[in-house]
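What follows is one structure encoded as structure tokens, with my remarks underneath.
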Amino acid sequence: MKRALPSLLVHALLILGALVTLTPLLWMVSASFMPTGQASSFPPPLLPSAPTLEHYVDLFTRLNLARNFANSLLITVGVTLFSLVVNSMAGYAFAKLRFKGRDATFKVLVAAMVIPGQVGMMPLFLIVKSLGLVNTPWGVMITGLATVFGIFMIRQFALSIPDDLLDAARIDGASEWRIYWTIVLPVLKPILVTMATFSFLSAWNDFMWPLIVLSDSSQYTLPVALANLVGEHVQDTELMMAGSVLTVLPVLGVFLVMQRSYIKGVLMGSVKG
Amino acid sequence: MKSLTSEGRQQSAAWTFLAPALVLIGVFFFVPVLAGLVMSFTDFDIYSIGRPDTIRFMGMDNYRHVLADGEFWRALRNTLYFVVVGGPLSVATSLAAALLVNAKVARMKGFFRTVFFTPVVTTMVAVAIVFRYLLHPHYGLVNNALGFFHVAPIDWLGDPHWSMPAIVLLAVWKNFGYNMLIFIAGLQSIPEDLYEAAQLDGAGWRAQFVHVTLPSLGPTFLFVGIMTMIGQFQIFAEPYVMTQGGPLRSTVSVVMLMYEQGFRWWRMGYATAIAFILFAIMMTVTVIQMKLQGDRGQS
Numbered sequence: 675m676k677r678a679l680p681s682l683l684v685h686a687l688l689i690l691g692a693l694v695t696l697t698p699l700l701w702m703v704s705a706s707f708m709p710t711g712q713a714s715s716f717p718p719p720l721l722p723s724a725p726t727l728e729h730y731v732d733l734f735t736r737l738n739l740a741r742n743f744a745n746s747l748l749i750t751v752g753v754t755l756f757s758l759v760v761n762s763m764a765g766y767a768f769a770k771l772r773f774k775g776r777d778a779t780f781k782v783l784v785a786a787m788v789i790p791g792q793v794g795m796m797p798l799f800l801i802v803k804s805l806g807l808v809n810t811p812w813g814v815m816i817t818g819l820a821t822v823f824g825i826f827m828i829r830q831f832a833l834s835i836p837d838d839l840l841d842a843a844r845i846d847g848a849s850e851w852r853i854y855w856t857i858v859l860p861v862l863k864p865i866l867v868t869m870a871t872f873s874f875l876s877a878w879n880d881f882m883w884p885l886i887v888l889s890d891s892s893q894y895t896l897p898v899a900l901a902n903l904v905g906e907h908v909q910d911t912e913l914m915m916a917g918s919v920l921t922v923l924p925v926l927g928v929f930l931v932m933q934r935s936y937i938k939g940v941l942m943g944s945v946k947g
Numbered sequence: 319m320k321s322l323t324s325e326g327r328q329q330s331a332a333w334t335f336l337a338p339a340l341v342l343i344g345v346f347f348f349v350p351v352l353a354g355l356v357m358s359f360t361d362f363d364i365y366s367i368g369r370p371d372t373i374r375f376m377g378m379d380n381y382r383h384v385l386a387d388g389e390f391w392r393a394l395r396n397t398l399y400f401v402v403v404g405g406p407l408s409v410a411t412s413l414a415a416a417l418l419v420n421a422k423v424a425r426m427k428g429f430f431r432t433v434f435f436t437p438v439v440t441t442m443v444a445v446a447i448v449f450r451y452l453l454h455p456h457y458g459l460v461n462n463a464l465g466f467f468h469v470a471p472i473d474w475l476g477d478p479h480w481s482m483p484a485i486v487l488l489a490v491w492k493n494f495g496y497n498m499l500i501f502i503a504g505l506q507s508i509p510e511d512l513y514e515a516a517q518l519d520g521a522g523w524r525a526q527f528v529h530v531t532l533p534s535l536g537p538t539f540l541f542v543g544i545m546t547m548i549g550q551f552q553i554f555a556e557p558y559v560m561t562q563g564g565p566l567r568s569t570v571s572v573v574m575l576m577y578e579q580g581f582r583w584w585r586m587g588y589a590t591a592i593a594f595i596l597f598a599i600m601m602t603v604t605v606i607q608m609k610l611q612g613d614r615g616q617s
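Just so you know, the protein sequences line up as chains A and B, in that order.
Okay, so the first sequence: first residue is 675 according to the numbering used here, each after it adds one.
Okay, so the second sequence: first residue is 319 according to the numbering used here, each after it adds one.
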């Protein structure tokens, strides 16, 4: 739309939209520094009268949320690293190795993407229980260690690796494992960075499955601990906001640093249609 | 060059490379899904965990009971409200944001794009808690902003008529940035000469929008529409954290009902039947949407 909307109107709307979008997050940060009770006064204050760190101190001392932060970090980093290796091996094999049953297997996997996870959730819980993984980080991680979406994305990217490059290495006597490790992985680096970001964000933010698998508050991930905390501390607005900041900060940080490759990944994922 | 040994070597290497992924996906996805299908025809409950020999097949009984249960229909109505009201609202917001960010005159496009996308990456549990306070009838910023326009305070989370709109509000805020990105990509792929031709025909911005922009975005709408809908049918964390399904069960979603039945009351056969019914509904609506949009695209 050339010369369509006047510049002033466009920018006014953009700024208004940005304000509305950021207000909940900015207020969350601001309220987390307010002295106890200030957020529940009228009219609602936008800035802390006397900024305090007491709620953050509370989170790490009295409420022992550092434990939950560590759980979340362990699970998130574990899922991310593990899934990168497993998905890239499979994605590369589907893209570049010649073997019987390749296309049929890949089709079955892709078709399975339409099945929502909930239909298998009860049996999955029983499987995790029978493996003794209920209430452990492994029980939470198990659903993210290999994903069809990750395999799909990496395969799409790996299709562009020239066959000659791989065949030349084979003639030089390189083993398939060595080819994967020294030739394929470096080429896949951009997509691996994107998938690592995806995986980090979704594992950190995941709620329903950790809620089901973890029963002991010392094992909770941060989102589950936070949802549990709001039940007892619903009156402590400022404390809950500090907890929310703590929960959101790592993903926000990762997103801001990685946004270029993350956004590229979102668009790649949408092209498949 | 493709000697037999190379083919054979690739053959066995391939399955070695695939094995970890296929085993994990098989054991933790395909097996549970198939087991779930079987389970949905049984009376699997908390006693069955210790005594599997007591499990009985009940045919379609679970499905019959779910469909005769008022709780299920209430949850389905709430979920459909979320899909039917929240879906178009969310897509419209995304499109508006995309048009603004992509406007020729707009500056700092990257900055605004990042700002609008930020809620997407935040943790749902955390922002649902933030919204609980923002929507507080007395101290919340939302009602105070509305009061500025002389709107009487709304009891967002306490009034069953306002609780679903509150959840829609949260979801639109949280998710519009995602579809905005996809719309921006769609807008950028529209050839510039289409607009130039329209301008030569004397089309103003409104006519250009209706006759060039919207039709060109057809495939994008289909993708965005289906993905948004599939996500919305599975809504869980928003009501779980913000309203616990209340007030008066006005925000219980289908997945939340499944969670309660399966993991609170351990009626696992029944809960799995709920999940399969939801799956069937999602598939049906997806097919209808593809048909409708496909037909429109052809005409």
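From the three backbone atoms N, C-alpha and C, an ideal C-beta is built for every residue, glycine too.
Please read these numbers as outputs of a predicted model, since none were measured by experiment.
Please name the residue in B:Ile548, B:Leu413, B:Gln550 and B:Leu336 whose C-alpha comes closest to that of tyrosine 766 of chain A. B:Leu336
Please tell me whether alanine 769 of chain A and arginine 852 of chain A are closer than 8 Å, where the distance is taken between their beta carbons. no
Determine the DSSP secondary structure at serine 617 of chain B, reduced to helix, strand or coil. A caution first: serine 617 of chain B carries a pLDDT of 41, below 50, which makes its placement in the model too unreliable to give a value.
Would you say glutamate 325 of chain B reaches chain A, if we count a Cβ-Cβ gap shorter than 8 Å as a contact? yes
Please report the straight-line C-alpha distance between threonine 868 of chain A and glycine 344 of chain B, rounded to a whole angstrom. 25 Å
Rounding to the nearest angstrom, what Cα-Cα distance links alanine 832 of chain A and valine 384 of chain B in this structure? 45 Å
Would you call methionine 796 of chain A buried or exposed, if buried means 16 or more other Cβ atoms sit within 10 Å of its Cβ? buried
Start and end residues, alpha helix (DSSP H) containing tryptophan 878 of chain A: 859-879
Please tell me whether tyrosine 365 of chain B has its Cβ less than 8 Å away from any Cβ of chain A. no
May I ask you to report which of helix, strand or coil DSSP gives threonine 360 of chain B? strand
Isoleucine 447 of chain B lies in the alpha helix (DSSP H); which residues open and close that run? 442-452
Are three or more beta carbon pairs between the stretch 559-577 of chain B and the stretch 588-596 of chain B nearer than 8 Å? yes
On the DSSP bridge list, what partners appear for phenylalanine 929 of chain A? None; phenylalanine 929 of chain A has no bridge partner.
Of the residues B:Thr569, B:Ala332 and B:Glu325, the one placed nearest tryptophan 480 of chain B, counting alpha carbons only: B:Thr569
Report buried or exposed for serine 714 of chain A, applying the criterion of at least 16 other Cβ atoms within 10 angstroms of its Cβ. buried
Let me know if tryptophan 701 of chain A comes out buried or exposed under the rule of 16 or more other beta-carbons within 10 Å of its beta-carbon. buried
Separation of valine 887 of chain A from proline 557 of chain B, as counted between CA atoms: 20 Å
Interface partners of phenylalanine 308 of chain B on chain A, CB under 8 Å: This structure does not reach residue 308 of chain B, given that chain B is present from 319 up to 617, and the question cannot be answered.
Please report whether the beta-carbon of valine 605 of chain B lies at a distance below 8 Å from any beta-carbon of chain A. no
Start-to-end residues for the alpha helix (DSSP H) that takes in histidine 468 of chain B: Looking at the DSSP string, histidine 468 of chain B is not in any alpha helix (DSSP H), and its letter there is neither H nor E.
Which complete alpha helix (DSSP H) runs does the stretch 805-853 of chain A hold, if anything under 4 residues is left out? 811-815, 822-832, 837-845 and 850-853
Our contact map puts asparagine 497 of chain B next to valine 603 of chain B with C-beta atoms below 8 Å; I'd like the distance itself, whole angstroms only. That pair is no contact at about 18 Å.
Can methionine 535 of chain B and glycine 504 of chain B be called in contact, C-beta distance under 8 Å? Before going further, note that residue 535 of chain B is leucine rather than methionine in the sequence given. Their beta carbons are under 8 Å apart, which means leucine 535 of chain B touches glycine 504 of chain B by this criterion.
Leaving aside the five residues before and after threonine 411 of chain B along the sequence, list all residues of the same chain whose C-beta is less than 7 Å from its C-beta, in chain order. Val490 and Phe494
Could you give the DSSP three-state label for phenylalanine 375 of chain B: helix, strand or coil? strand
Lysine 774 of chain A in three-state terms, based on DSSP: coil
Going along the chain, which residues of the stretch 549-569 of chain B sit with their C-beta nearer than 9 Å to a C-beta in chain A? Phe551, Gln552, Phe554, Ala555, Tyr558, Val559 and Gln562
What residue from B:Val423, B:Ile599 and B:Val341 has the CA that sits closest to threonine 779 of chain A's CA? B:Val341
Please compile the residues from chain B whose C-beta is within a distance smaller than 9 Å of the C-beta of isoleucine 801 of chain A. Val345, Phe346, Val349, Pro350 and Ala353
Spatial neighbours of leucine 596 of chain B within its chain, please: C-beta separation below 6 Å, excluding the five flanking residues on both sides. Val572
Touching by the beta-carbon criterion (3+ pairs, under 8 Å), the stretch 876-895 of chain A and the stretch 739-752 of chain A: yes
Could you list which residues in chain B have their beta carbon closer than 9 Å to that of valine 760 of chain A, in chain order? Pro338, Ala339 and Leu342
In its own chain, which residues sit with a C-beta less than 6 Å from the C-beta of glutamine 552 of chain B, not counting the 5 before and 5 after it? Val573
Secondary structure of proline 758 of chain A, DSSP reduced to three states: A small fix is needed here, since residue 758 of chain A is leucine in this sequence, not proline. The answer is helix: DSSP assigns leucine 758 of chain A an H, G or I state.
When you compare the CB positions of phenylalanine 773 of chain A and glutamine 328 of chain B, do they come within less than 8 Å of one another, or not? yes
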